[in-house]
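K.L.:
Per numbering that gives the first Met the number 0, residue 0 is the first one in the sequence shown, and the count goes up by one each step.
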Amino acid sequence: MSQSAAIANPALVNLAQDIFAALIEKHDYQRQLCAALETESDFAQRQAIFQRLKLELRAHEAAEERHLYVPVMQHDEGLDLSRHAITEHHEVDELLEIMEDDGASEEKWESTCVTLIEKVRHHLDEEENKFFKQARTILDDELQQRLGTLYQAEHDAFAKAHADD
């Protein structure tokens, strides 16, 4: 079985998850897709995995920025934290655009893929080890629960609406 077939998008999660549990679940899925991109040898399969990763990253970014970064930015101690994370999302988006370019050579696609995987892993680790710790002190428990539900609903709606892009 190819890597592409072996990784199934996680089913709808429990909508009662707080924002951090919901995000970590999606981060784990993104890490699985990155690992599959590294280990799959067939270029066509790698491109299919990339399409899944691209959709996941875009759905994740849209929902995360609205339902975590914006609420955290409303507090002075969260401004720089959120700005940095948004900058990293933008850097990932630029790499995705390069990989989507039909005129890009396979060599350019491959080298950009390596950079993308490194950037995604760095961002996820930094978020989980720094951003989340600070954000937990900024956002109260009730808001964390509500944001988790909002994040998951928006993520799933975005992914569904853009599945054929």
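We put the beta carbon where it would ideally sit given N, CA and C, even for glycine. Source: prediction; values computed, not measured.
For Arg51 and Asp101, what's the separation of their Cα atoms in angstroms?
P.N.:
Cα to Cα, Arg51 sits roughly 17 Å from Asp101.
K.L.:
Rounded to the nearest angstrom, what separates Leu165 and Leu94 at their Cα positions?
P.N.:
Outside the shown range of the chain (0 to 164) lies residue 165, about which nothing can therefore be said.
K.L.:
For Gln144, I'd like the list of residues in its chain whose CB is within less than 6 Å of its CB, leaving aside the five on either flank, ordered along the chain.
P.N.:
Asp17.
K.L.:
Considering Cα atoms alone, identify which of Cys33, Ala35 and Glu60 is closest to Ala156.
P.N.:
For the residues Cys33, Ala35 and Glu60, the minimum Cα distance to Ala156 belongs to Glu60.
K.L.:
In three-state DSSP terms, what is Ala5?
P.N.:
Low per-residue confidence applies at Ala5: pLDDT is 48, beneath 50, and the placement is therefore not dependable enough to give any value.
K.L.:
Could you tell me the boundaries of the alpha helix (DSSP H) in which Cys68 lies?
P.N.:
The displayed chain sequence assigns Tyr, not Cys, to residue 68. Careful: Tyr68 lies outside any alpha helix (DSSP H) and carries neither H nor E.
K.L.:
Write down every uninterrupted run of the beta strand (DSSP E) in the region 94-163 whose length is 3 residues or greater and which is fully enclosed by it, in chain order.
P.N.:
With a minimum length of 3 residues, no continuous beta strand (DSSP E) run stays inside the region 94-163.
K.L.:
Do you know whose CA, among Gln31, Thr86 and Ala158, lies nearest Glu126's CA?
P.N.:
The residue with the shortest Cα to Cα distance from Glu126 is Thr86.
K.L.:
So which of Lys107, Glu90 and Lys118 has the shortest CA-CA distance to Glu29?
P.N.:
Per the sequence presented here, residue 29 reads as Gln, with Glu not at that position. Cα-wise, what sits closest to Gln29 is Lys118.
K.L.:
Tell me whether the beta-carbon of Phe49 lies closer than 8 Å to the beta-carbon of Met98.
P.N.:
Contact flag set, yes.
K.L.:
Apart from the five residues on each side of it in sequence, which residues of its chain come closer than 7 Å, Cβ to Cβ, to Asp27?
P.N.:
Closer than 7 Å at Cβ, skipping near neighbours: no residue.
K.L.:
Mapping the DSSP letters down to three states, classify Asp79 as helix, strand or coil.
P.N.:
Looking at Asp79 - three-state DSSP - the assignment turns out to be helix.
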